[in-house]
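Position 212 of the sequence shown, counted from 1, bears residue number 228 in our numbering, the numbering being contiguous throughout.
All C-beta atoms in this analysis are idealised placements derived from N, C-alpha and C, irrespective of residue type, glycine included.
Worksheet: the structure to be examined is printed underneath.
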Amino acid sequence: MSRTRLAVLSTAFAVVAAGVFGLGFLRGAAEASAAPAPPPLSSEYPGGAPIDAARIQTGRLTFDRMPAEVSGALELHSAEIVKQAEVLATKQARITGTCAPGSAIRVVAQDGTVVCQRFPRGVVSVSSLAGVPRVSTTATTQLSVPGGVGRYQSGGEDDFLVLPVDLPDGAVVTGFSFVFWDSDARIDGAAYLYRSDDTAMAALVTKDAAEEVRVVSTQDIAAQKVDNGAFAYFVYLQLSAAAGPRLVPIAASVAYKLP
């Protein structure tokens, strides 16, 4: 055999060997990268196979693969959520109705409206802090005294604080009270209950001077029956620019009963 033919055969053999080696390498790499075959199904596990940690962490665990205890608990909680939704759907609506002074809520309907019932007796109070001077130019100032908070006159001619009183229609007024501070020995205060037709229903006057909150009351009432269809009702509290902070009206109250 010539040297040239021998060299050609040697080269061809080397090429064939390299190709066989390369195919074997690629096949081995492909086999190594392929996913392992799933384990055979077994009746000992939910879904036929053990639950691996990777599927639990990723949240890709299907319901039928969960243990009976877990799936049962989830079903129970789901049922409770449905029950709560049903309860909320039938829950009492926000209360939208109100009752007039002298009455209270007796029944609340499902839609939030109310049925009222009247008290046989009651008291309506007003604070001097909410009062408006009868003359708009009168100056008044809020003041705290031991035992109460009121308003006194700080400028202008002697005046009154005027406060509307919301009394229940048909009620019978049985009493009138006045809470005040009067430490001025020269000037006395006063409180009046009036009807809008200028009828004086009750009057109270303070006496003497004292460094304390006091209360005066009367049961001497004129035009006792409340008629809101024809009249409005007001309290007048006496002020004094001369007495200033020594005369401080604090509050007034009207007692009533229902027929």
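Query                                                                                                                                                                                 : Result
On the criterion of 16 or more Cβ atoms from any shown chain inside 10 Å, does P162 qualify as buried, or is it exposed?                                                              : exposed
Is V142 near A268, with beta carbons less than 9 Å apart?                                                                                                                             : yes
I'd like to confirm the pairing. Which residues does DSSP put opposite R202 in its beta bridges?                                                                                      : Beta-bridge pairing links R202 to no other residue.
Confirm, please, whether the CB-CB distance from A248 to F192 is below 9 Å.                                                                                                           : no
Determine the direct distance from the alpha carbon of V130 to that of K223, and round the result to whole angstroms.                                                                 : 46 Å
First and last residue of the beta strand (DSSP E) that includes S119?                                                                                                                : S119 to V124
With C132 as the anchor, note down where its beta strand (DSSP E) starts and where it stops.                                                                                          : V130 to R134
With V12 and Q240 assumed to form a contact (beta carbons below 8 Å), what rounded beta-carbon distance in angstroms separates them?                                                  : A query on residue 12 cannot be resolved here, the shown segment of the chain reaching from 17 to 275 and no further.
Mind checking who R137 pairs with in its DSSP beta bridge?                                                                                                                            : K273
Per DSSP, K241 forms a beta bridge with which residues?                                                                                                                               : V188
Whose C-alpha, out of A116, P265 and V264, is nearest the C-alpha of G186?                                                                                                            : A116
Taking the straight line between their C-alpha atoms, what separation do you get for T112 and Q133?                                                                                   : 16 Å
Say whether the segment 145 to 160 touches the segment 202 to 215, bearing in mind that this needs 3 or more beta-carbon pairs closer than 8 Å, one atom from each stretch.           : no
Ordered along the chain, which non-local residues of its own chain (more than five positions away) have a Cβ less than 6 Å from that of R137?                                         : K273
Could you please give the first and the last residue of the uninterrupted beta strand (DSSP E) stretch that includes R167?                                                            : G164 to G171
Please work out which residues of its chain come closer than 7 Å, Cβ to Cβ, to D236, disregarding the five sequence neighbours upstream and downstream, and give them in chain order. : A218
Tell me which residues share the same chain as L42 and place their Cβ nearer than 6 Å to its Cβ, disregarding the 5 neighbours each side in the sequence.                             : Reliability fails at L42, whose pLDDT of 49 lies under 50, so the model's placement of it is uncertain and the value that follows must be treated cautiously. Closer than 6 Å at the Cβ level, and outside the excluded window around L42, lies no residue.
Does DSSP put L179 in a helix, a strand or coil?                                                                                                                                      : strand
Using CA atoms only, rank isn't needed, just tell me which of G164, V181, G172 and S160 is closest to G147.                                                                           : V181
Under the assumption that V264 contacts G166 (Cβ atoms under 8 Å), give the Cβ distance between them as a whole number of angstroms.                                                  : 4 Å
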